[in-house]
Every structure is written in structure tokens, then in C-alpha cells.
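Peer 1: Okay, so the sequence shown: first residue is 0 according to numbering that gives the first Met the number 0, each after it adds one.
Every residue gets a Cβ at the ideal spot worked out from N, C-alpha and C, and that includes glycine.
Being a predicted model, the structure only gives us computed values, none of them experimental.
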Amino acid sequence: MESGDSNIIIHVISVLFNMSWQIFWPLAFGLILSSFIRHLLPVDTVVKHLGKTDAKSLTFTTILGMVSSSCSYAAASLSHTLLAKKATLANAMAFLVSSTNLIVEMFIVLVALMGWTFLWGEVIGGLILIATVGFLFSRFYPKEVEQELRQHIESAEPAKHAHSDCGMDMSNMKNETSDCGMDMSNMKHETSDCGMDMSNMKHETSDCGMDMSNMKHETSDCGMDMSNMKHETSDCGMDMSSMKHDHMDMPAQKETGLMSKITKSAGFFQMDLAMIGKEILIGVVVSSILIALVPQEGWKALFISNDVGLPTWLHSLLDVIIGIFVAMIAYVCSVGNLILAAALWHGGISFGGVIGFILADVLTIPMIGVYKKYYGKRPTKWMVGLLFLSILFTGLCVDAIFNGFGWVSTDQTVRTLNQSGFGVNMTTVMNLIFIPLSIWYYRLGKKANAGMGMSM
0 MESGDSNIII
10 HVISVLFNMS
20 WQIFWPLAFG
30 LILSSFIRHL
40 LPVDTVVKHL
50 GKTDAKSLTF
60 TTILGMVSSS
70 CSYAAASLSH
80 TLLAKKATLA
90 NAMAFLVSST
100 NLIVEMFIVL
110 VALMGWTFLW
120 GEVIGGLILI
130 ATVGFLFSRF
140 YPKEVEQELR
150 QHIESAEPAK
160 HAHSDCGMDM
170 SNMKNETSDC
180 GMDMSNMKHE
190 TSDCGMDMSN
200 MKHETSDCGM
210 DMSNMKHETS
220 DCGMDMSNMK
230 HETSDCGMDM
240 SSMKHDHMDM
250 PAQKETGLMS
260 KITKSAGFFQ
270 MDLAMIGKEI
280 LIGVVVSSIL
290 IALVPQEGWK
300 ALFISNDVGL
310 PTWLHSLLDV
320 IIGIFVAMIA
330 YVCSVGNLIL
340 AAALWHGGIS
350 FGGVIGFILA
360 DVLTIPMIGV
370 YKKYYGKRPT
380 KWMVGLLFLS
390 ILFTGLCVDA
400 IFNGFGWVST
410 DQTVRTLNQS
420 GFGVNMTTVM
430 NLIFIPLSIW
440 YYRLGKKANA
450 GMGMSM
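1) Measure the alpha-carbon distance for Leu395 versus Ile127 and round it to whole angstroms.
2) Helix, strand or coil for Tyr140? Go by DSSP, reduced to three states.
3) Leu57 and Gly124 look like a contact to me (Cβ under 8 angstroms); what is the Cβ gap, rounded to whole Å?
4) If we require 4 or more residues per run, which alpha helix (DSSP H) segments fall completely within the segment 271-329?
5) Excluding the 5 residues preceding and the 5 following Ile152 in the sequence, name in chain order all residues of the same chain whose CB lies nearer than 8 angstroms to its CB.
6) Rounded to whole angstroms, what is the Cα-Cα separation between Gly403 and Met274?
7) For Arg37, does the count of other Cβ atoms within 10 angstroms reach 16, so buried, or fall short, so exposed?
8) With hydrogens ignored, establish whether the beta-carbon of Ser154 is closer than 7 angstroms to any heavy atom of the ligand ZN.
9) Does the Cβ-Cβ distance between Ala130 and Thr99 come in under 8 angstroms?
10) Helix, strand or coil for Phe106? Go by DSSP, reduced to three states.
11) Kindly indicate the opening and closing residues of the alpha helix (DSSP H) around Ser98.
12) Tell whether a beta-carbon distance below 8 angstroms holds between Leu388 and Leu362.
13) So, with DSSP's three-state summary, where would you put Gly352?
14) Look up Thr393 in the DSSP assignment and say whether it is helix, strand or coil.
15) Could you check which residue in Thr52, Val110 and Ile281 has the C-alpha nearest to that of Gly368?
16) Report the CB separation of Phe350 from Phe401 in whole angstroms; it is logged as a contact under 8 angstroms.
17) Would you decide whether Ile102 is buried or exposed? Buried here means 16 or more other CB atoms lie within 10 Å of its CB.
18) Restricting to Cα atoms, I'd like to know which of Phe59, Gly64, Asp4 and Met451 is closest to Ser33.
19) Measure the C-alpha to C-alpha separation of Ile434 and Thr61 and round it to an integer number of angstroms.
20) Using a Cβ distance threshold of 8 angstroms, determine whether the segment 38-55 contacts the segment 10-21, with at least three qualifying pairs required.
21) Using a threshold of 8 angstroms, state whether the C-beta atoms of Ala359 and Ala326 are closer than that.
22) Identify, in the order they occur along the chain, each residue of the same chain with its Cβ nearer than 7 angstroms to the Cβ of Ser315, setting aside the five sequence neighbours on each side.
23) My output table needs one value for Ala446: the three-state DSSP class, helix, strand or coil.
24) Taking the alpha carbon of Ile320 as the reference point, which residue from Gly276, Gly405, Leu301 and Gly422 has its own alpha carbon closest?
25) What residues in its chain sit with their C-beta under 6 angstroms from that of Ala86, if we drop five residues either side in the sequence?
26) Tell me the rounded alpha-carbon separation between Arg442 and Ala27.
27) Starting from Lys55 and walking both ways along the alpha helix (DSSP H), at which residues does that stretch end?
28) Is the CB-CB distance between Leu457 and Leu343 below 8 angstroms?
29) Considering just the uninterrupted stretch of the alpha helix (DSSP H) at Thr470, what are its terminal residues?
30) For the putative contact between Ile328 and Val285, defined by C-beta atoms under 8 angstroms, what is the C-beta separation to the nearest angstrom?
31) Please classify Glu121 as buried or exposed, where buried requires at least 16 other C-beta atoms within 10 Å of its C-beta.
32) Measuring only the C-alpha atoms, how far is Ile364 from Trp24?
33) Hey, Lys263 and Ala449 are a contact pair by Cβ (cut 8 angstroms); roughly how many whole angstroms apart?
34) Suppose you measure from the CA of Asp248 to the CA of Gln150; what does that come to, to the nearest Å?
35) Taking the straight line between their C-alpha atoms, what separation do you get for Leu88 and Arg377?
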């Protein structure tokens, strides 16, 4: 291998390593937070505040998004959690865009790289995008497709039954007179007694309300031999202690209080990584290669020169579309994406095109793959289409506003695209905390899921 090829490979690896270092802690933090919300946040609370789409709910989701995440992959997990908790689709999508575009660390990097004008462009653009997403998703997302989306979410929640009833699925049991005369429909499934609460069964003095005299204790009669069951008044004659539950190793039952909740939440964290881990890795690698190999001048070839003489509105429209397209194929995470946005700006793209590029961090190819995993193909197509229209409209609005008022300047400074995150700084401190924490949390979740028979 020639020396030049070797240097290129080393450069790509260096960029990949630095990118991974910069985005690790916000990604880990967002996914961990998502797992806790999924387990601990009551459905009633979400439905109360986010169960309908209006100005109040959109304001609430905007604030929640601003304080919750800075990585699109983590934001996708959190918005998926809100949908699972019965939030409206419009509110969940508004949360998705607010948690990736209206965050403090992003504002800091924007000012450092591109100046205050782009900070205000991002803030105004983010608010316009949230309002647009709320309107389009509440009015134009087909109801039958949304129903398909929610069914996909429910079918992909194996932990819901496993955590609530100790892994016992009673749904296939027949509750008919011919089946041994046992009606199981009123049985409650609670974790404390492995999912069997006999409190609603009829109790009479002679035999706890169960007439067993005519039941045959043979394999042919439903396969239930009741002869060895203890008949005691305290438990309606049913001693479950000798029953074996396959694939049920429940160490979490030995835990109480906070540790039990952490263990169950870690199970969701492990399942999230198992579901979208490959998409995250693809996004990081693709973006690192592009940043490492494409020089700043190379991006200029993508844009339409001002000398072409196109109408202003058409030139702005094409630039925003180009910005969204570049974001779809060249994205890592919201904050890291700003480095490439600076290169695009100095490469000749319009102000609205830069804003469209930054806002399109939710439309990257790896992110679309995540949506398909979460929601299914047809719901994802509608979701991507409405998000694209929302971002396109927002980019055009921002470009018109800032150019109309003469707020856009071209004398911004730009740093090198390959920034090292090492040193005594916030990124290093947070990674030193979240790297061991996330490894421990993942292993805890994997152990918990394996104990419930859900190894992934």
C-alpha cells in the first residue's frame, strides 16, 4: 500500500474516532433517559398533556424536547416512547424536531462556528418547523396509516407483557364451559404473584366457589391434573409454588424500590440499541468518510451559482432542496452536523439552504431506517414526506425573512471540519461518566431481558 493511501485511511479513522468521541455522551444520555421515561412515565400523564394537539401541547413538547436530548437517534427513541404512551403523532414529531434543533449545546457550537446570525436563524427556523409539523401531521397524516403505525408499535413491545405478568401470556387460553368449566377472564395479571390474582373468583364456604366434583383429572380433559393442588382457605386452594415457568429467571423480583425500576428500564435501553444500533453505526461511518475525503471546495460543485440568473425564489428553493439532500446522506448527529453546515455555507449555499440542511437531521438515511424499525414502511413513507415538506417550507421562510431584512452576512469564520474532542473539556468529562455507565446499564438490561426469555 502506498504511503498516500495509508495516510488517507489513517485520516478517515481519526475523523471517525473523533466524531464518535464527540457524540457518545449525548447519544447515551438520550437513550438512557428514553428507557426511564418508557418505564416510569404514567400513560395518563402523557395523554393529559400530549393526548391532543394544540398550542399548549406543542409548547409543552418544545420545552420537553429542549431539555431532553441532543442526538437525533436518541430523540427518535424518545418520540417513539411518547407515541407508545399514547401521545398524538403531531406532538411526538414536534418533540422529535425540537429535541434535535433547539438545544443549548447546539446553540453554543453554532455561535462558535458560524456566528449569531445563524443562531437566530436556527431558533426562528426551529419554531416555524414545530408549528408546521404540528399542523401538517394533525391535518394530513391519514388516520388509517396512523392506526397501522400504532399497531406496529404495540406489536413491537414484547416487554409490555413480559414485565407486567412475569412472562405468562394467558391470551390463548380458552374461557369456555367445555374447557374444564374454568372462566379465567377475571384473573388479574400482576408481577407480585407471577400474574395470578384469584381475588375476583367466586368464593363460597364449602369449596371457595369452585365445584371440582365433576371434573376429570386426566390428560384428555384440558391436560390439567388438579389432584396435587393444596386446598386451603387462604388461597382458594391453589398453591402455585410447584409450577415451573420456562424461560423465567426473575432476579428483578428479588430487588425492591429504585434498583428494580432501574433494572426494568435498562431492559428497554438494551432493546433500543439492539434495534437501531446498526443504523447509528452506519450514520457515523458515512459522515466521517465524507468529512475526511471531500474538501471544502468540493461542496461548491453541488450548488447553483448566482451567475446563472435564476429568480431569487427558485434559487432559494433549489438550495434548500440540495441542503436537505446533502443532510440525508452525510449526517452523524445534531451537534456534529454543524461542522459540515459551516463547510456548506462557505461552499456557496444560501442561508435558507444551510438552515434546511441543519433541520434535516431527522431525515437522514440511517434515521429513516430507524423509523422503519419503529413504525413500519408505509407509516414511515408518510412521516418522511411530511417532514420533508415541513423542512422545505421552513427553509424558504427563514431565507425570505433574513434576506428580506438584510440580516445575512457572508463574513463568518469557519473552523477545520475535523475537530478533536480530546482535552480537559465537557465532552471528556461527560464521556468518562457515560462510557462506563452505559456499558453497565446495557449489561444490566441484557441480563434482565435474558431472564424474561427475550434475549436480542
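Peer 2: Well, looking at it:
1) 11 angstroms
2) coil
3) Contact doesn't hold; Cβ gap of about 16 angstroms is too wide.
4) 311-328
5) His79, Leu82, Ala83, Tyr373 and Tyr374
6) 45 angstroms
7) buried
8) The model depicted lacks the ligand ZN and carries no ligand whatsoever.
9) no
10) helix
11) Leu88 to Asn100
12) no
13) helix
14) helix
15) Ile281
16) 5 angstroms
17) buried
18) Gly64
19) 28 angstroms
20) no
21) yes
22) Ser349, Gly351, Leu395 and Asp398
23) Here the sequence assigns Lys to residue 446, which means Ala is not the residue at that position. Note: Lys446 maps to helix in three-state DSSP.
24) Leu301
25) Val45 and Leu49
26) 14 angstroms
27) Ala54 to Met65
28) In the structure displayed, the chain extends from 0 to 455; residue 457 sits before or after that span and is not available.
29) Missing from the structure shown is residue 470; the chain here goes from 0 to 455 and no further.
30) 7 angstroms
31) buried
32) 22 angstroms
33) So it is not a contact: roughly 14 angstroms between Cβ atoms.
34) Reliability fails at Asp248, whose pLDDT of 44 lies under 50, so the model's placement of it is uncertain and the value that follows must be treated cautiously. Distance between the alpha carbons of Asp248 and Gln150 is about 29 angstroms.
35) 15 angstroms
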